[in-house]
Every structure is written in C-alpha cells, then in structure tokens.
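Read the structure below first, then the notes.
Residue numbers (our numbering), protein chains in the order written: chain U, 169 to 522; chain G, 233 to 534.
Set out below in structure tokens:
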C-alpha cells in the first residue's frame, strides 16, 4: 500500500491541453473518486497514474517514488478497465494468473493466490470458463480478481460499472466498497456518476474541463460546495439555481428574483443590488408553509418521496418532499427554502459567497 | 384465393422456386465441368477422340510416372516454402502497417499493388528480372563486384525453384498482410494496456495477446493462401513452363501440359483430379484444427 501524490500535473494532446495543473494527494489506504462530466480529463488523469499516458509536465509519486518515467508494470499498480479488457482466449484462471506467470512465480504460489482471490470474489466455480461464457457481473469480478491477485500498491478503476445494468451496478458498488474495507488498498476510482462517487468515496475530487473544482469528503461537497459547478454536479435531483439581486428585507437578506418575489438568503456582506445566484436543493424546499408562489407543472411520486416540478417567476424549480401531496398540475403552492440551507453564488465567477 | 396463388404462397414451394435459378447455374457451370473432369480421368480420351472408360488405368500409370511424382514433390515444396514465407513476411508487414506511420493509407494502398496487378503481367516482369542475359539482379551484383558472371536464374533446377517461389511470395504477401492487418485492428487497445500493466514485454504481448487473438484469421488466410499456391499455374507457365528438366513442374502445369499441348485429355484430367484429395485435406485441417477455438464459442455478449 502507498500514498499517491499528484503535483501540478498537466497533459496536452498535441497542442490541446486537457489537464491543467492538477494537485491531489491521496493518503495510504484511501478510496478516492475522480468525478466529473465526460471529457473533463478524469480518465486521462487515471491513465497517467497508471503510466498508459505520458505526463506532459508535473510530478506523480506513488509511495515515495516519482514515477513519471517508470513503465506501467514497474509502478506496482493494478487497473480495472471500463470494458474489463479480459483476455478472451484465456480461461478465468489464466486471466487472473497472467501477471504472476509473466513475473515467473512458482505454480504453488500462483494457485494459492488465485484461489484466495477467487474465494473473495465468489469465482471459484468459474475458474475454468472463458470470459465469453460469463455474465457482465461475473466478468466485472474477474477483472477485479485480476487486480487483487497481484496485491498491488494502488488499485485504479476506470468507470468499471458503466457497462452493467442499474441493479447490478448498485450491487457491485457495494461489493467494491466492501472489498476496499477488507483489503484497505489505496484506490483511485473514476466515474461520471455522482451517486457512485458519493456512496463509495472517502474523498471526492470533482473535475471540470481539466481542472479540479473541489476536493473533499462526500458530505463536505454536499454541504459546502465551493462553486456553482460543484453545487450543481453533486446531489440528485440537482440543486435549483435562481438568479436575482440582493436586497435587505425582514431584517435580514433576501434575493429578489422577480419584482414581487423575494427568497430569504443566508447572511453575507455583499452590498444590496449586486447580482447573485441563489441555490436551494430540492429537498430543502418546505412545501405548503408561507413562501414564494410556484405553479405546479408535473408531480412525480416515487413512493418514498414526491418530486414536484414547478415554476417560480419563469424559472424551473424542482422540490422534493417526503410527504404525499395531492397537487395537480396548474395548482399554486408555497415554497420556502429551509433556514440556513440555501447558498449564494457570484454569477460571474461561479464562486460561493455564502 | 385460388389454388394457384395458395400454391405459390406456400413456403415449401416458394423457397425452392427462388433457389432454382442459382442452383441451375451452379449445377451447370460448377458441377458439370468438375464432373466431366473427374470422368475424363477415368477414360483414355485424346483431343479429337471420345474416350473409353478404362477405370483407374490412368492413375496406375501416374503412380509409376517419375515426372508426375516429381511434380507432386515440387507442388508440396512450392506450397510449403512459399506459404511459410508469405505468412512470416505478411505478419511482419501487417504489424508494421498497424503502427502509426506517416502516409498510412497511401502506404497500405501501395502494399496491395502486387495483388492487384494481373498475374501474367507480374510474371512477365519477373521473367525479365530473371533473364539469363538481361537480369537486373545479375547486373547489379556484377557491377558491385559481388559476382563475376550472370546468374542463370531459371536455367538450373534449384535456382529455378527458388526463383519461382520468390515470385509467388512477392505476389501473395499483400493478401496475407492486408487480411492480418484487418485482424490486428479488431484487437482492442485495452488488451495491450492491460497486458502492459500485467508486466508483459513487447514480445510477450505479441506472443500471448496478438498471436492467439489473431489465430482464427491466420487459419482462414493461410488456408486460402495454401489453396492458391497449391493450384498455381500462371506464374510457372509464364516463367519456366515447368522446366528446366521438369524441376518446377507443378501438378497444375503438368496436367495442362499433358492434356492440351500433349493431347492426352484423360491423363491430364487424372492429374488434376489427383489434386482434389490434397486440397480437401488442407481445408478440413484448417476447418477442424484451427478455425474455431473454444474461447470463441458459447455465451452471448451479455
């Protein structure tokens, strides 16, 4: 096991820069998730850690060794690919044993390690099958087994669950997390799915167009987003954003989003009249109490909660309530942001004000 | 609905009906000549004379015929050596073309040229290259001081065998290379990435990833290559006509020579028919032995 340290890592393909100076430090045994929309450079970053892409500038350390010019096989890492990259012409057992065979380990050691990994993953009955004869979830497990047998310093996962169906994805998510709790190997996990990131990570790195937007624990990112991007990316359904001007009202601050519509805002030191964006999570709208008027457009009951899509002064807004309401489309309801649960952002820079 | 239209709506009627034209064409243009050839092999037909059934007399004679036996040996030597070289060179060329090289598509097009040029044309070019007096190869070697006389490429038995094999390899390599290149491009890059993380060197990646994953295509391509080489005729006929002293006579050229210029239709047909078992054996070998591996079978892409 080892820590991983990225310092001012940059990557350009030809003259196109795709990663602009990323600093991340990953502690020994930590499970870190790189998350961001597609094309944000998260996979490229992972491939640079693996050694599959060259580093244009900056420094990557695994343990206390700078690995910029170290070949992938000498980095002591294991990677799980999005398409699993299982060798189709080898049986499961040979897929898992391949790296140790190349390293010239003894037959007994190879068998012992493969058996152990197969037991952990429940693959013992499938060792003699070819990858084609396995289901998606089983292939996924073989790909992890291939990583586990090597007992590497760092596990790298490149969107390993995106080829599975929704149910299996949730199941494998738990399995991977459980596996990490058991093996405690430093892991770097790339995904575009913020729910995967929230549920699995010790620490999340949110990336956008080649830059790190914020690093923190899942709940930190949820409670204290640094900017509009992180606020909108983390959480589902996504946070509502309403542009307006700061005013002083009711002895506190408010955001005027329409001539007759003011939402209460968190305390801040900006001057009245400055442009701001107020952000409220759907689950932080109180429905039915006094508040701003909203027209109901669609109501989606999911059983556990009800999602209400409505319109406030021309802006689309989503509210989620645990109670079962009987609104109909066209009704007018009152929405009020829960106290202390709204955020203010600077619309120009995107940075959070309060 | 009338009886006739119901009759034509029946799948069991309509199917064979649609197949009829194709089946008739096949029967007429494929089966008839093949059957006639095999039948001729059992007769003593000569040009201008309808043959009589003589059983396996032609074959009995051929077994004792030293020229026929030499031609069988030549055919095997020619097929074996040429196929091995075609495979090795073709694979090497395919691996080169699979790399990122400048003017990639242009180079790939150029590689195909020997395959596109009509065989007779390239044979004539080689004939000129191998000419006893005007050979450019001899000329270059003499001018460089490597040799002091011109080489009689097509005049000596073993030299002639080597020269015809080289010409055949030159012609056959592009087909093998392009097919293997297509096969190489179906191997996902992540295989090599996974292997390089697993610690495989470039050679080990070739040995454990490229070669096994390419093996189904290799089997198909080499079967075709062996069939083409075994039945080669044009190249030999233009270059040597089977000479010198029958050293380059293949079964195909001998068959033609005995049957058409020699007039012994029955005997020529018997030689041609004698090729069929060998060709069938080659096809069956590749079909059962190589083409479909266990790892390609079973399970859908779930």
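Cβ coordinates follow ideal geometry from the N, Cα and C atoms, glycine included.
Candidates the options: closest to residue i by CA position
i                      : options                       : result
residue 312 of chain U : U:362, U:261, U:301 and U:361 : U:261
residue 182 of chain U : U:222, U:172, U:191 and U:411 : U:222
residue 327 of chain G : G:395, G:372, G:414 and G:245 : G:414
residue 429 of chain G : U:350, U:377 and U:246        : U:246
residue 447 of chain U : U:456, U:422 and U:318        : U:422
residue 509 of chain U : U:214, U:453 and U:353        : U:453
residue 256 of chain U : G:259, G:514 and G:442        : G:442
residue 313 of chain G : G:354, G:404 and G:335        : G:404
residue 418 of chain G : G:446, G:433, G:339 and G:511 : G:446
residue 433 of chain G : U:497, U:174 and U:266        : U:266
residue 605 of chain G : G:472, G:373 and G:251        : This structure does not reach residue 605 of chain G, given that chain G is present from 233 up to 534, and the question cannot be answered.
residue 428 of chain U : U:435, U:417 and U:486        : U:417
residue 360 of chain U : U:302, U:376, U:314 and U:425 : U:376
residue 215 of chain U : G:422, G:325 and G:339        : G:422
residue 319 of chain U : U:352, U:293 and U:328        : U:352
residue 300 of chain U : U:341, U:350 and U:258        : U:258
residue 492 of chain U : U:286, U:472, U:278 and U:511 : U:472
Straight-line gap, residue i to residue j (C-alpha atoms, nearest Å)
i                      : j                      : result
residue 334 of chain U : residue 250 of chain U : 15 Å
residue 406 of chain G : residue 224 of chain U : 39 Å
residue 381 of chain U : residue 198 of chain U : 20 Å
residue 437 of chain U : residue 414 of chain U : 10 Å
residue 337 of chain U : residue 344 of chain U : 10 Å
residue 247 of chain G : residue 239 of chain G : 12 Å
residue 304 of chain U : residue 326 of chain U : 16 Å
residue 402 of chain U : residue 390 of chain U : 6 Å
residue 460 of chain U : residue 409 of chain U : 15 Å
residue 307 of chain G : residue 217 of chain U : 56 Å
residue 531 of chain G : residue 263 of chain U : Any reading at residue 531 of chain G needs caution, since the residue's pLDDT is 46, under 50, leaving its predicted position unreliable; the model's value is listed next. Computed Cα separation, rounded: 18 Å.
residue 534 of chain G : residue 219 of chain U : Caution applies to residue 534 of chain G, whose pLDDT of 35 falls short of 50 and renders its modelled position unreliable; the model cannot decide the point.
residue 474 of chain U : residue 236 of chain U : 51 Å
residue 268 of chain U : residue 344 of chain G : 42 Å
residue 498 of chain G : residue 292 of chain G : 13 Å
residue 202 of chain U : residue 210 of chain U : 6 Å
residue 295 of chain G : residue 260 of chain G : 32 Å
residue 439 of chain U : residue 433 of chain U : 13 Å
residue 507 of chain U : residue 469 of chain U : 25 Å
residue 284 of chain U : residue 509 of chain G : 53 Å
residue 255 of chain G : residue 244 of chain G : 16 Å
residue 298 of chain G : residue 515 of chain G : 28 Å
residue 379 of chain G : residue 398 of chain G : 20 Å
residue 348 of chain U : residue 185 of chain U : 33 Å
residue 356 of chain U : residue 339 of chain U : 19 Å
Cβ distance (whole Å) where residue i is taken to contact residue j below 8 Å
i                      : j                      : result
residue 483 of chain G : residue 367 of chain G : Between residue 367 of chain G and residue 483 of chain G the Cβ distance is about 28 Å, and since that is not below 8 Å, they are no contact.
residue 466 of chain U : residue 495 of chain U : Going by Cβ atoms, the distance from residue 466 of chain U to residue 495 of chain U rounds to 10 Å, so no, they are not a contact pair.
residue 286 of chain G : residue 300 of chain G : The pair is not a contact, with the Cβ atoms about 17 Å apart (cut-off 8 Å).
residue 448 of chain G : residue 387 of chain G : So it is not a contact: roughly 43 Å between Cβ atoms.
residue 462 of chain U : residue 479 of chain U : 6 Å
residue 485 of chain G : residue 456 of chain G : 21 Å between Cβ atoms; not a contact.
residue 178 of chain U : residue 226 of chain U : 5 Å
residue 445 of chain U : residue 396 of chain U : 7 Å
residue 229 of chain U : residue 173 of chain U : 4 Å
residue 324 of chain U : residue 310 of chain U : Not really, about 17 Å apart at Cβ, beyond 8 Å.
Sub-7 Å separation of residue i and residue j beta-carbons
i                      : j                      : result
residue 479 of chain G : residue 357 of chain G : no
residue 450 of chain U : residue 393 of chain U : no
residue 361 of chain G : residue 370 of chain G : no
residue 437 of chain G : residue 426 of chain G : no
residue 462 of chain G : residue 351 of chain G : no
residue 269 of chain G : residue 277 of chain G : no
residue 407 of chain U : residue 386 of chain U : no
residue 398 of chain U : residue 374 of chain U : yes
residue 501 of chain G : residue 262 of chain G : no
residue 425 of chain U : residue 481 of chain U : yes
residue 290 of chain G : residue 416 of chain G : no
residue 487 of chain G : residue 503 of chain G : yes
- Query: Relative to chain G, which residues along the region 237–259 of chain U have a C-beta separation below 9 Å, given in chain order?
  - Reply: 239, 240, 241, 242, 243, 245, 246, 247, 249, 250, 251, 252, 253, 254, 255, 256, 257, 258 and 259
- Anything in the region 265–298 of chain U with a Cβ closer than 8 Å to a Cβ of chain G? List those residues in chain order, please. 266, 267, 270, 271 and 298
- Message: Under 7 Å, CB to CB, which of the residues in the region 206–225 of chain U have a partner in chain G?
- Response: 218 and 220
- Between the region 424–437 of chain G and chain U, which residues of the former have a C-beta closer than 7 Å to a C-beta of the latter? 425, 426, 428, 429, 430, 431, 432 and 436
- Selection of the region 441–473 of chain G by Cβ proximity to chain U, strictly under 9 Å: 441, 444, 445 and 447
- Query: Name the residues in the region 318–351 of chain G whose C-beta lies less than 7 Å from a C-beta of chain U; which are they?
  - Reply: none
- Query: What residues in the region 405–423 of chain G have a beta carbon less than 8 Å from any beta carbon of chain U?
  - Reply: Listed in sequence order: 420, 422 and 423.
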